[in-house]
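*Asks:* Counting in my numbering, the sequence shown runs without a single skipped number right up to 459 at its last residue. Glycine is no exception: its CB is placed at the ideal position from the N, C-alpha and C atoms. Fair warning: this is a prediction, and the values are worked out from it, not measured in the lab. First, the structure itself, so that you have it in front of you.
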Amino acid sequence: MPANPGLSLQETIRPVPEMGHRLRFVTATSLFDGHDASINVMRRILQASGVEVIHLGHNRSVREIVDAAVEEDATGIAVSSYQGGHTEFFKYMIDMLRERNRAEIRVFGGGGGVIVNREIRELEAYGVTRIYSPRDGQVMGLQGMIDDMLERTEFDPKLDHITDLSVLRTGNRGELARMITAIENQLVGSPLLEQLEKEIKDTTTVRAPVIGITGTGGSGKSSLTDELVLRWRLDHSDTLQIAILAIDPSRKKTGGALLGDRIRMNAIEGNQIFMRSLATRSSTSETPAQLLPIIQAVQLAGFDLVIVETPGIGQGDSAITSLTDLSLYVMTPEFGAASQLEKIDMLDHADFVAINKFDRKGGEDAVRDVRKQLQRNRSAFDQKLSDMPVFGTVASHFNDTGVSELYMAIHSTLETRGMVVRPGSFSEHGVPESDPYGVIV
């Protein structure tokens with residue numbers, strides 16, 4: 019039946035039935051395709067239907083999409099393709115999923131009239147779950163197509179096979195992703211979680227340090243995280259194994275979530291970086307209820323560094339500090355009057371503060387005011403204001419000196435706290451803020 023044209027989009031949206039696990043979709047447009055209007059519509063309806071959506075944006079290669087699907091332990095992939103190379107693109111995706119032993123991940127696609135009926139039949143015979151045509155849109159409607167996708171994706175993920183921790187030591191990213199999913203869905207028994215905690219606390223275990231990055235919404239946390247990861251990779255000649263856990267809020271009404279931090283990440287390609295997006299789900303704070311055992315699982319998997327990025331937080335939130343070794347609070351110059359700083363709980367706990375988007379009006383004043391507030395909070399009146407760990411950064415600048423100084427400060431602090439950190443090759447610039455004239459063109 020055609021969708022009722024008299025209904026608004028919101029009125030046609032229905033949450034998916036409650037299940038033992040959450041549906042997770044990776045959405046993107048294909049390589050060399052900048053037409054992302056349709057995939058944006060579809061991923062919004064997926065979110066409103068209770069799905070956790072890992073959105074990659076436009077112009078994404080098969081490898082990027084499959085890597086994301088494996089690390090995110092996705093149940094489905096949805097790709098729009100208007101660039102004409104859809105037959106080879108989707109077949110290569112199916113081949114790569116089979117190579118990675120994840121052939122059960124459902125693959126959906128669409129491309130308007132670009133993908134003709136003969137090609138649709140060929141791709142579905144090859145293994146694509148379904149390619150939607152313009153006719154499908156006319157008959158089923160937008161929500162009808164989404165409902166069809168969800169019905170085809172409701173399969174048993176078979177996570178009950180995880181009964182010991184040996185899978186974490188294999189170095190297999192797919193197995194780590196499955197373990198994280200099992201922990202998220204509370205499918206790992208208490209004895210195994212207790213064993214996990216015991217092994218992490220064992221003094222003979224080399225435990226990766228955990229850095230928590232939090233801050234206000236829209237402050238550029240993901241971009242700054244990406245720039246810090248890039249510097250770690252350059253500084254250590256890409257020898258460090260780094261895990262990133264990026265958290266975004268769930269929608270209370272539907273349970274869906276937009277897990278969009280991968281859009282801002284440009285330095286996560288390759289085998290040295292593992293990234294997993296998490297939704298807060300039923301948690302009342304900025305961190306999921308199962309975050310601690312997830313961090314411990316990543317540590318046991320042998321990473322050298324773990325970075326946890328939270329969603330945007332309010333003035334009274336600081337939950338991340340109890341789970342991490344170091345914390346970075348990211349904000350922008352637009353925080354209002356200086357008295358507002360007295361209300362920010364993270365300024366009592368943060369090891370470092372980044373005033374990102376420092377090139378905006380009031381950036382220098384913001385750094386000064388935050389340094390004064392940190393000095394008061396710490397009763398550090400015997401220290402110079404310039405010694406307060408507040409850095410003016412512009413994560414969108416290439417080779418930003420403020421970001422580099424922040425990186426060096428974090429790196430040296432990890433060393434002074436006795437954590438195992440390999441020596442790097444970067445040199446300190448001595449300028450704890452962005453230099454607009456230091457950009458290489």
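Inspect the beta-carbon positions of L263 and V185 and report whether they are closer than 9 Å.
*Replies:* no
*Asks:* For D405, does the count of other Cβ atoms within 10 angstroms reach 16, so buried, or fall short, so exposed?
*Replies:* When all chains shown are included, D405 counts as exposed.
*Asks:* Just verifying my parser: in three-state terms, what is the DSSP assignment at H367?
*Replies:* Helix, per DSSP.
*Asks:* I'd like the span of the alpha helix (DSSP H) that includes E245, first residue to last.
*Replies:* K239 to D253
*Asks:* Got a sec? Which residues, its chain only, sit under 6 Å from D335 by beta carbon, not counting five neighbours each side?
*Replies:* Here the set comprises E304.
*Asks:* Could you spell out the range, first to last residue, of the alpha helix (DSSP H) harbouring L344?
*Replies:* Looking at the DSSP string, L344 is not in any alpha helix (DSSP H); the run it does join, the beta strand (DSSP E), is L344 to M349.
*Asks:* Evaluate the contact criterion for the stretch 68-78 versus the stretch 268-284: three or more CB pairs, one atom per stretch, below 8 Å.
*Replies:* Between the stretch 68-78 and the stretch 268-284, the count of C-beta pairs closer than 8 Å reaches three or more; the two stretches touch.
*Asks:* Please state if the CB of V326 and the CB of N374 are separated by a distance shorter than 9 Å.
*Replies:* no
*Asks:* Near D256, which residues of its chain fall below 6 Å by C-beta distance, leaving aside the five closest residues on each side in sequence?
*Replies:* Q290
*Asks:* Using only the alpha-carbon positions, how far apart do G273 and D369 sit?
*Replies:* 33 Å
*Asks:* In the DSSP assignment, find the unbroken beta strand (DSSP E) run with R78 in it and report its ends.
*Replies:* Here R78 belongs to no beta strand (DSSP E), and DSSP marks it neither H nor E.
*Asks:* Counting C-beta neighbours from all protein chains within 10 Å, is the total for F409 16 or more, i.e. buried, or is it exposed?
*Replies:* buried
*Asks:* Quick check: the Cα distance between R394 and M426, rounded to an integer number of angstroms?
*Replies:* Near 25 Å, if we compare the C-alpha coordinates of M426 and R394.
*Asks:* Strictly by DSSP, which residues pair up with M293?
*Replies:* I262
*Asks:* To test your reading of the DSSP string, which unbroken alpha helix (DSSP H) runs of 4 or more residues are found completely within the stretch 212-237?
*Replies:* none
*Asks:* Can you list, in chain order, the residues of its chain with a C-beta nearer than 6 Å to that of F126? Leave out the 5 residues immediately preceding and following it.
*Replies:* A96, T147, R148 and M167
*Asks:* Three or more C-beta pairs under 8 Å: does that hold for the stretch 247-261 against the stretch 351-367?
*Replies:* Between the stretch 247-261 and the stretch 351-367 there are fewer than three C-beta pairs closer than 8 Å, too few to call the two in contact.
*Asks:* Who does F126 pair with in a DSSP beta bridge?
*Replies:* A96 and R148
*Asks:* Assign S443 to one of three DSSP states: helix, strand, or coil.
*Replies:* coil
*Asks:* Can you tell me whether V206 is helix, strand or coil according to DSSP?
*Replies:* coil
*Asks:* From this set, V247, L246, L392 and E217, which residue's C-alpha is nearest V316's C-alpha?
*Replies:* E217
*Asks:* Could you tell me the alpha carbon to alpha carbon distance between I180 and V132, rounded to whole angstroms?
*Replies:* 43 Å
*Asks:* Buried or exposed: where does E423 fall if 16 or more other Cβ atoms within 10 Å of its Cβ makes it buried?
*Replies:* buried
*Asks:* Can you tell me the Cβ-Cβ gap for G233 and V348, rounded? I've got them flagged as a contact below 8 Å.
*Replies:* With 8 Å as the limit, G233 and V348 qualify as a contact, their Cβ atoms being about 3 Å apart.
*Asks:* Can you grab the Cα-Cα spacing for the pair S56 / L115, in whole Å?
*Replies:* Spanning the alpha carbons of S56 and L115 requires a straight line of approximately 24 Å.
*Asks:* Keeping to the same chain, check which residues put their C-beta closer than 6 Å to that of P441; ignore five residues upstream and five downstream.
*Replies:* Excluding residues within five positions, none has a Cβ falling inside 6 Å.
*Asks:* Rounded to whole angstroms, what is the Cα-Cα separation between R196 and E106?
*Replies:* The straight-line gap from Cα to Cα measures roughly 29 Å.
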